[in-house]
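Sequence lines, in order, name chains Y and L. Just so we're aligned: 334 in the numbering used here is position 324 of the first sequence, and the numbers increase by one with no gaps anywhere. Just so we're aligned: 101 in the numbering used here is position 52 of the second sequence, and the numbers increase by one with no gaps anywhere. Virtual Cβ for every residue (Gly too), placed ideally from N, Cα, C. Keep in mind the model is a prediction, meaning the values are calculated, not measured.
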Amino acid sequence: MIRFENVSVTYEGAAAPTLENIDLTVPEGELVLLVGPSGVGKSTLLGAVSGLVPHFTGGTLRGRVTVDGRDTRTHKPRELADVVGTVGQDPLAHFVTDTVEDELAYGMESLGLAPGVMRRRVEETLDLLGLVELRDRPIATLSGGQRQRVAIGSVLTTHPKVLVLDEPTSALDPAAAEEVLAVLQRLVHDLGTTVLMAEHRLERVVQYADRVVLLPAPGAGPVVGDPATVMADSPVRPPVVTLARLAGWSPVPLSVRDARRRAGALRDRLAGVVALPPGAGASSSPYGLAAVGDAPGEGAVAQRDSARPAIEDTARSAVPGPGGARFGKGRGGEQAPPSGPADRGPTHHRPTQRLLARLLRTTPAPAASTPEATHLVATTTALAVRRARVEALRRVDLAVAPGETVALMGRNGAGKSTLLNALVGMVEPTAGTVTVGGRTPHRTDPRELIRQVGLVPQEPRDLLYADTVAAECAAADSDAGAAPGTCRALVTELLPGVADATHPRDLSEGQRLALALAIVLTGRPPLLLLDEPTRGLDYAAKSRLVAVLKGLAEDGHAIVLATHDVELAAELAHRVVILAGGEVVADGPTAEVVVSSPAFAPQVAKILAPQPWLTVSQVEAALEAAP
Amino acid sequence: METRSPGQRPGVPHGAVGHRAHRQAARPVPHGAAAPYRPGHGTHPLLDALRATRAPVASRSNALHAGAWWLWALGLAVAASRTTNPLLLGLLVGVAGYVVAARRTDAPWARSYGAFVRLGLLVIGVRVVFSVALGSPIAGRHVLFTLPEVPMPGWADGVRIGGRVFAEQIVFALYDGAKLAALLICVGAANALANPARLLKSLPGALYEAGVAVVVAMTFAPNMVADVLRLRTARRLRGRPTGGVRAVAQIGLPVLEGALERSVAVAASMDARGYGRTAQVPPAVRHTTTALTLGGLLGVCAGSYGLLAAEGARYGVPLLVAGLVAAAGGLWLGSRRSVRSRYRPDRWGVRSWLVAGSGAAVAALMIRAATVPGSEALHPGVVPLTAPELPLWPALSVLIGLLPAFVAPVPAGAVPAGAKESTR
């Protein structure tokens, strides 16, 4: 169906070709997954199928690409529109009309199909994708998952033989992602559509693929094959494969179901070992152990007890040294948590302390007058936010202690971003209070606030204005009133090997995130907020991010991240807060909240349930410790 | 239409399901009938017959033609332009507002009505302020207050800044401003009630592609506003003030970059979805199309010049007609090159006729009222100051404009605007 014959693509002004000598054949009716690290040319390869590369993007394409026998050299994208349907990374950029039904019809109108045919196909597609309820809705009012389904539907109505998708599930919550994948499955099985898709979140998609095309490195030839075979040696792989490698299973299982069947022996070996808190191995959490077993809501009390040592760390690290910041040092490596389990026996359940906690939560903390008051980096009490008639948040109580990492999870539109925005003072609470570092964020001068709290937004590019990394750093230093060079030192630490003169636009997604993170950290805020940080990151970039964030948490930074990425939450978070419809529906230690949830459980937890293991690194550490 | 029996609830189709009826009850429906409605329990054949003619719940199939809404609104606007009587103008605005309240949807374009109302108030305010500051030719007798007058040099004779302010001149400015505001609000009503993209579907095929480009370009503005808001937020995150000239300058470039990137992405998507596919037509047809269109436009230009100029009026009309015919022929031939078909275009049905007709009737009756004797009530005098009266017949004719609130399909259940729902 799709044939690449010795294809190379070179963009104008690029030193080396983005794709080199690609030979590839995709047979009809297969679901082919394109994987590889960022920057190996996955999007370029997808664009070459629809003819947008090179007709639209410019550049030179050598070799031959044929789709259903049509050569993209002689056929423009619009002449391939009846054969290839393309959905890009951002569905919003895909829409031409303003209501769902018109959008579904647009492609067919362009092809000039008869009105009767159009009507029938629109109805069929509405049913196929479960969009009937939405048919008259303006597209602007749809949620992320709904938009993605409409985008897929809008290219399906022309009955293309090939569907090309670029990261269809990256922006979606786990449930919405499964919805989209179920649709793709159905297309492949029932209609015989050929699907070619690129995706970073392999744990979501790899088990559905008939075949995997791996682009291992820029300029390297593609490795094509059966998913299990390719995954066994792939540099990018989902946790289930990593676990399989660790356990020595062969062939590699790709789905949780297959892995569970094999996991009996592993479960037995792990049965005697005590589960460590998330992020253990680096012993980054002073609270994890205490929190396990606490009822949700009382976690905050426990953290209050144990937070004192971390405060001192914050104080120490708040003074920028001559050498700038040093992440990942401080308390590190094998050192035990400063307050052992003995410190916090059953005492933290005493009613007096609970009362104290309640008092502290309801009165705004006077700045640093009592040590108790400064324990928590941020609190919200009965926080409510309304926008027009929509209640984005309702009665949200949240307390974040220094050194603690909290993951906010929930569907698209559950109020995660609103909560983060309330914490940085972008959103004024309708009711209730928000206190960050003893201040009310929305009434605090921004220049003052960036020393208390920093937010890395969903699109890190929004934070970057200047045209070189050096200028960006200088601006960040003067914004935060930090010593010149502070930000640059952070950049060097987080992002080694980036030249001063690089334009932020030329950085990769992961590098841009690191730069934005460095800028935010220049003010050394005790509270760091991240909104959907792993969107568009490959596994390597993600593990670097995890390392950086773990180091920051060890230095006493409190971190709150809103994410759909269950693997990231399992890796990092001490505590998970699940929001639904603007309300907190679960708040507790990661292991407890996540293991019991079908949607938010990471793969390792699903495989090894009922044992509370969350990540491969935990299992690895446990196996090393065990005989 | 005005006669409704008790127990009959407007807007609910015959046999509507119970929960739908409940939802409808919460909407601002005209005459909220209090008696419970039991579907299928009509007691009188006349009642059943009436029920059958009631406005159905709006769906794609019975949607009013967007052009009908525009004609209705333009009719009201023409009527507003014929009077300065504040009572009549208020009645017109009330009629437009009532129809909008009863029949607008929750779509983003429907929210523009409020903006137009605010714009209208602003126009009145500006008109009054100018009248106060610059004076007015109205020679009044009731001095309200006196502003310090700026002495003007001799060459600026006739220009006055400050000075005495008369009650008459302010009232005159108010009337005048109210007329403009009413015009604006009528246009706003059309904007809120008709989907601009649907109007496009009625364009001839040869113009459709250009129309799509215009609509996509129009989505630019809201997107850029969203970008500006996002970047202002980001500035705050970096601890910089969000106001001031420097902030605007620093945000400006990224906003433009973002807009450019998005338009390139939309263009790529449109291309990949077959935008601009053309059918093969013989070169002869292509050349004829070009010749007809260009010749027609030239004819139209020359013809209009002939009509307006003092001499040559004889050739004006025939030239204009010939030009129009040629241009229409060019467009028709040009449509053959476009392969595109139309998905469910709006049909011009009875309800569309009624809506458009009610607007036209209001305009026609008001124009007639302005010409017959007794039309001075449409322009209440300001010297001497008199309280405006409500002339009976013009007022009744304005009320015809309420017809769409009863015949146009009722928008279906409200979806909270901007609500982000769960994906389930």
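| query | Taking DSSP as the reference, what is the three-state secondary structure of valine 432 of chain L? | reply | Looking up residue 432 of chain L in the second sequence gives position 383. Coil at valine 432 of chain L, not helix or strand.
| Grouping DSSP H, G and I as helix and E and B as strand, with all else coil, what is alanine 208 of chain Y? | Within the first sequence, the letter at position 198 stands for residue 208 of chain Y. Strand at alanine 208 of chain Y.
| said: Strictly by DSSP, which residues pair up with arginine 80 of chain Y? | reply: Here residue 80 of chain Y refers to the residue found at position 70 of the first sequence. Bridge partners of arginine 80 of chain Y: Y:Val77.
| said: Tell me which residue opens and which closes the alpha helix (DSSP H) that phenylalanine 194 of chain L is part of. | reply: On the second sequence, residue 194 of chain L is found 145 positions in, with the first residue counted as 1. Here phenylalanine 194 of chain L belongs to no alpha helix (DSSP H); instead the beta strand (DSSP E) covers 192-199.
| said: My parser needs the alpha helix (DSSP H) runs of 4 or more residues fully inside the stretch 549-615 of chain Y; what are they? | reply: 549-564, 576-582, 600-605
| So is alanine 377 of chain Y buried or exposed if we call it buried at 16+ other beta carbons inside 10 Å? | Translated into positions along the first sequence, residue 377 of chain Y becomes position 367. Interpretation of alanine 377 of chain Y is limited by its pLDDT of 39, a score under 50 that renders its predicted location unreliable; the figure taken from the coordinates is listed afterwards. Exposed, since its Cβ has fewer than 16 Cβ neighbours within 10 Å.
| How about valine 118 of chain Y: is its C-beta nearer than 8 Å to some C-beta of chain L? | Mapped onto the first sequence, residue 118 of chain Y falls at position 108. Checking the sequence shown, residue 118 of chain Y turns out to be methionine, not valine. Answer yes: the Cβ-Cβ gap between methionine 118 of chain Y and chain L drops below 8 Å somewhere.
| request: Spell out a yes or no on whether the stretch 605-622 of chain Y and the stretch 439-447 of chain Y are touching, meaning 3 or more CB-CB pairs, one atom from each, closer than 8 Å. | output: no
| For glycine 464 of chain Y, which residues does DSSP report across the bridge? | Position 454 of the first sequence, counted from the first residue, corresponds to residue 464 of chain Y. Beta-bridge pairing links glycine 464 of chain Y to Y:Leu538.
| query | How many whole angstroms separate the CB atoms of aspartate 100 of chain Y and alanine 314 of chain L, which I take to be in contact at a CB cut-off of 8 Å? | reply | Numbered from 1 along the first sequence, position 90 holds the residue referred to as residue 100 of chain Y. Numbered from 1 along the second sequence, position 265 holds the residue referred to as residue 314 of chain L. Indeed, because the Cβ distance is near 7 Å, the residues count as touching under 8 Å.
| query | What residues in its chain sit with their C-beta under 7 Å from that of tyrosine 147 of chain L, if we drop five residues either side in the sequence? | reply | What you label residue 147 of chain L is simply residue 98 of the second sequence in a count that begins at 1. Closer than 7 Å at Cβ, skipping near neighbours: Leu451, Ala454.
| field | Assumed close pair alanine 187 of chain Y, threonine 179 of chain Y - CB separation to whole angstroms, cut-off 8 Å | value | The count along the first sequence starts at 1 and reaches residue 187 of chain Y at position 177. The count along the first sequence starts at 1 and reaches residue 179 of chain Y at position 169. Sure, about 4 Å apart at Cβ, within 8 Å.
| How about tyrosine 549 of chain Y: is its C-beta nearer than 8 Å to some C-beta of chain L? | Reading the first sequence from its first residue, position 539 is the one you call residue 549 of chain Y. Not one chain L Cβ lies under 8 Å of tyrosine 549 of chain Y.
| Within 8 Å, strictly: CB atoms of leucine 71 of chain Y and proline 64 of chain Y | Locating residue 71 of chain Y in the first sequence gives position 61, where the first residue counts as 1. Locating residue 64 of chain Y in the first sequence gives position 54, where the first residue counts as 1. Yes, the pair counts as a contact, with Cβ atoms nearer than the cut-off.
| request: Identify, in the order they occur along the chain, each residue of the same chain with its Cβ nearer than 8 Å to the Cβ of aspartate 225 of chain L, setting aside the five sequence neighbours on each side. | output: In the second sequence, counting from the first residue as 1, residue 225 of chain L sits at position 176. Closer than 8 Å at the Cβ level, and outside the excluded window around aspartate 225 of chain L, lie Thr133, Arg176.
| said: Rounding to the nearest angstrom, what Cα-Cα distance links leucine 373 of chain L and leucine 343 of chain L in this structure? | reply: To locate residue 373 of chain L, count along the second sequence from 1; it is residue 324. To locate residue 343 of chain L, count along the second sequence from 1; it is residue 294. If I take the Cα positions, the gap works out to 11 Å.
| Less than 7 Å between the CB of valine 216 of chain Y and some heavy atom of the ligand GTP, yes or no? | The model depicted lacks the ligand GTP and carries no ligand whatsoever.
| task | Between the Cα of leucine 510 of chain L and those of L:Val459, L:Ala461, L:Ala426, L:Thr435, spot the shortest distance and give me the residue it belongs to. | result | Look at the range of chain L in this structure, 50 to 473, and you will see that residue 510 of chain L is not part of it.
| query | Is the CB of threonine 282 of chain L under 8 Å away from at least one CB in chain C? | reply | Absence of chain C from the displayed structure is noted, the protein chains being Y and L.
| field | Per-residue burial, alanine 259 of chain L [other beta carbons within 10 Å of its own, 16 or more giving buried] | value | The residue given as residue 259 of chain L occupies position 210 in the second sequence. Alanine 259 of chain L is exposed by the Cβ-count criterion.
| query | For arginine 461 of chain Y, does the count of other Cβ atoms within 10 angstroms reach 16, so buried, or fall short, so exposed? | reply | The residue labelled residue 461 of chain Y in the question sits at position 451 within the first sequence. It is buried - the Cβ of arginine 461 of chain Y has at least 16 other Cβ atoms within 10 Å.
| said: With H, G and I counted as helix, E and B as strand and the rest as coil, what does DSSP make of methionine 128 of chain Y? | reply: Within the first sequence, the letter at position 118 stands for residue 128 of chain Y. Helix.
| request: Would you check if the distance between the CB atom of arginine 247 of chain Y and the CB atom of leucine 212 of chain Y is smaller than 8 Å? | output: What you label residue 247 of chain Y is simply residue 237 of the first sequence in a count that begins at 1. What you label residue 212 of chain Y is simply residue 202 of the first sequence in a count that begins at 1. Going by C-beta atoms, arginine 247 of chain Y is nearer than 8 Å to leucine 212 of chain Y.
| Comparing the C-beta of glycine 566 of chain Y with each C-beta of chain L, is any distance below 8 Å? | Counting from 1 along the first sequence, the entry for residue 566 of chain Y is found at position 556. Judged by the 8 Å Cβ criterion, glycine 566 of chain Y is not in contact with chain L.
| field | Length of the line joining the Cα atoms of serine 318 of chain L and isoleucine 187 of chain L | value | As a working note, residue 318 of chain L is residue 269 in the second sequence. As a working note, residue 187 of chain L is residue 138 in the second sequence. If you take the alpha carbons of serine 318 of chain L and isoleucine 187 of chain L, they lie about 60 Å apart.
| request: With DSSP as the reference, please indicate the residues paired to alanine 409 of chain Y in a beta bridge. | output: The count along the first sequence starts at 1 and reaches residue 409 of chain Y at position 399. For alanine 409 of chain Y, which the question treats as bridged, DSSP gives the partners Y:Thr389.
| query | Given alanine 181 of chain Y, which residues of its chain have a CB within under 7 Å of its CB, disregarding the five upstream and five downstream residues? | reply | As a working mapping, residue 181 of chain Y is identified with position 171 in the first sequence. For alanine 181 of chain Y, where only same-chain residues beyond five positions count, the Cβ hits under 7 Å are Gly154, Arg545.
| request: Grab me the residues of valine 94 of chain Y's own chain with a C-beta within less than 7 Å of its C-beta, minus the 5 sequence neighbours each way, in chain order. | output: The residue given as residue 94 of chain Y occupies position 84 in the first sequence. Around valine 94 of chain Y: Val59, Ser60, Val77, Pro170, Val172, Val174.
| request: For proline 494 of chain Y, collect the residues of the same chain with a Cβ closer than 6 Å to its Cβ; drop the 5 residues on either side in sequence, then sort them by chain order. | output: Stepping through the first sequence from its first residue, residue 494 of chain Y is reached at position 484. Taken in chain order, the residues that qualify are Asp487.
| query | What is the rounded straight-line gap between the Cα of arginine 534 of chain Y and the Cα of serine 244 of chain Y? | reply | Counting from one through the first sequence, the residue named residue 534 of chain Y turns up at place 524. Counting from one through the first sequence, the residue named residue 244 of chain Y turns up at place 234. Computed Cα separation, rounded: 38 Å.
| If we cut at 8 Å on Cβ distances, does alanine 335 of chain Y have a partner in chain L? | Working through the first sequence from its first residue, we reach residue 335 of chain Y at position 325. Note that alanine 335 of chain Y has pLDDT 37, beneath the 50 cutoff, so the model's placement of it is unreliable and the number below is only indicative. Alanine 335 of chain Y does not count as touching chain L.
| query | How about proline 543 of chain Y: is its C-beta nearer than 8 Å to some C-beta of chain L? | reply | For the purposes of this step, residue 543 of chain Y is taken as residue 533 along the first sequence, with counting starting at 1. Proline 543 of chain Y does not count as touching chain L.
| message | One question on the structure: do leucine 120 of chain L and alanine 129 of chain L come within less than 8 Å of each other, judged by their Cβ atoms? | response | Along the second sequence, read from residue 1 onward, the residue named residue 120 of chain L stands at position 71. Along the second sequence, read from residue 1 onward, the residue named residue 129 of chain L stands at position 80. Cβ distance not < 8 Å, so leucine 120 of chain L and alanine 129 of chain L don't count as in contact.
| message | Please identify, using Cβ separations under 8 Å, the residues of the stretch 246-261 of chain L that lie next to chain Y, in order along the chain. | response | Ala246, Val261
| beta strand (DSSP E) segment containing leucine 41 of chain Y, residue limits | The residue labelled residue 41 of chain Y in the question sits at position 31 within the first sequence. Looking at the DSSP string, the run of the beta strand (DSSP E) that includes leucine 41 of chain Y is 41-45.
| task | Measuring only between beta-carbons, confirm whether valine 277 of chain L sits less than 8 Å from chain Y. | result | Residue numbering aside, residue 277 of chain L sits at position 228 when the second sequence is read from its first letter. Taking Cβ atoms only, chain Y never reaches closer than 8 Å to valine 277 of chain L, which makes this a no.
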